[in-house]
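Below: one structure, written as structure tokens.
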Amino acid sequence: MPSPEVLAEIARRHRVGPDSVEPAPFQGVANQVYFLGKHLVLRIARPDSTENLLKEAIVIPAAVRAGVRTPEVVAFDDELLDTPYMVIKRVDGIAPGLPAGPADEQWRSVYRELGSELATLHREVEELPKVPLEIARDPRPDVATLANAGYLSADIANWLIGWFDRLESRFPAASPVRLIHGDASPTNLLADPDSRRLTALLDWGDAAWADPATEFAKLPLRAVPAVLEGYLGEYDETWAARILWHHLHWAMGRLPTPADPRAGHWSAQPGNRLMEIMRFHLAEPPHPWSALR
Numbered sequence: 067m068p069s070p071e072v073l074a075e076i077a078r079r080h081r082v083g084p085d086s087v088e089p090a091p092f093q094g095v096a097n098q099v100y101f102l103g104k105h106l107v108l109r110i111a112r113p114d115s116t117e118n119l120l121k122e123a124i125v126i127p128a129a130v131r132a133g134v135r136t137p138e139v140v141a142f143d144d145e146l147l148d149t150p151y152m153v154i155k156r157v158d159g160i161a162p163g164l165p166a167g168p169a170d171e172q173w174r175s176v177y178r179e180l181g182s183e184l185a186t187l188h189r190e191v192e193e194l195p196k197v198p199l200e201i202a203r204d205p206r207p208d209v210a211t212l213a214n215a216g217y218l219s220a221d222i223a224n225w226l227i228g229w230f231d232r233l234e235s236r237f238p239a240a241s242p243v244r245l246i247h248g249d250a251s252p253t254n255l256l257a258d259p260d261s262r263r264l265t266a267l268l269d270w271g272d273a274a275w276a277d278p279a280t281e282f283a284k285l286p287l288r289a290v291p292a293v294l295e296g297y298l299g300e301y302d303e304t305w306a307a308r309i310l311w312h313h314l315h316w317a318m319g320r321l322p323t324p325a326d327p328r329a330g331h332w333s334a335q336p337g338n339r340l341m342e343i344m345r346f347h348l349a350e351p352p353h354p355w356s357a358l359r
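Residue numbers (the working numbering): 67 to 359.
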């Protein structure tokens, strides 16, 4: 934790009184977060997350130039402290809730706007150095590994591998690579609670060059139809197959991980992703997901 003297020095640099510096009510895993008065936010990288904040210093200005609704960087410093810090503009809003199902209209406008913002990001940013490339692995060997370790029966493993085969048959000949936000989950969104409008997309520490369909895997499937509608303007079977592929793969990866009863993120517990997939498909999902058999 930075000393009061250091916090006061950072505040002074931005014409904010030391008495107006206070910890944010919700602290991130990668950064310590403070409010500098009413208009600025200070984010100090934790020791094992410095690379993420360095990457954000590159990605956020590019996203702002592209027109994405994200707070602008006011200052970045990697000399005053042992770890870098960033000051960004403060945006008002609350984390939006999640729909009860794919047909639920509550918060739908926020998720449609999120889709539009992601489309802008993927379309407008064509080149950005020092951002890693992420290549998705084939999930089928992972399924076999889980079966060998006793997490899945051989019968279920074969059935699941067959699902991945059928989904892959709907993929395009070549998957594009785009700059993705990488963690467009509800906890990284801000929305106006009255108008139900998206006000900001936060936390770019997981940004990468990747298949843009992975962007939709950080949201529970029940929120994805609205996001994809805002992204494409319509539903598309190819996109649905790619998105479900990532959800299934990541759900398999969570099965052997330790339980975490204190975590609040929607996918934190080992079984949550798998249950979210089941919840979505039991709630009469819209086309084209209903056609994925």
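Every residue gets a Cβ at the ideal spot worked out from N, C-alpha and C, and that includes glycine.
Helix, strand or coil for residue i? Go by DSSP, reduced to three states.
i: I76; result: helix
i: V95; result: coil
i: A239; result: coil
i: E171; result: coil
i: Y217; result: coil
i: K155; result: strand
i: V191; result: coil
i: D326; result: coil
i: Y297; result: helix
i: E350; result: coil
Write down the C-beta distance between residue i and residue j rounded to the nearest angstrom, noting that I regard them as a contact closer than 8 Å.
i: Y100; j: V87; result: 6 Å
i: L119; j: R109; result: 7 Å
i: A357; j: E281; result: With a Cβ gap of about 22 Å, A357 and E281 do not count as contacting.
Where residue i and residue j are concerned, what is the direct C-alpha to C-alpha distance, given to the nearest angstrom?
i: A210; j: P127; result: 42 Å
i: S182; j: L199; result: 23 Å
i: A240; j: L102; result: 46 Å
i: S261; j: P162; result: 12 Å
i: P259; j: I201; result: 37 Å
i: D85; j: M341; result: 46 Å
Is the beta carbon of residue i sitting closer than 8 Å to the one on residue j?
i: A307; j: L226; result: no
i: A111; j: T136; result: no
i: F230; j: R206; result: yes
i: G296; j: R156; result: no
i: G248; j: E190; result: no
i: L245; j: W275; result: yes
i: A283; j: H313; result: yes
i: G271; j: K121; result: yes
i: R263; j: P168; result: no
Here's a check: name, in chain order, each residue in its chain whose Cβ is nearer than 6 Å to the Cβ of residue i, leaving out the five neighbours to either side.
i: W332; result: P286
i: A185; result: Y297
i: N254; result: L268, D269
i: P327; result: none
Report all residues from its chain with a CB closer than 8 Å to the CB of residue i; omit the five preceding and five following residues, and keep chain order.
i: V107; result: A90, V99, Y100, F101, P137, V153, I154, K155, R156
Can you list, in chain order, the residues of its chain whose CB lies under 7 Å from that of residue i, leaving out five sequence neighbours each side?
i: P352; result: P168, P291, Y301
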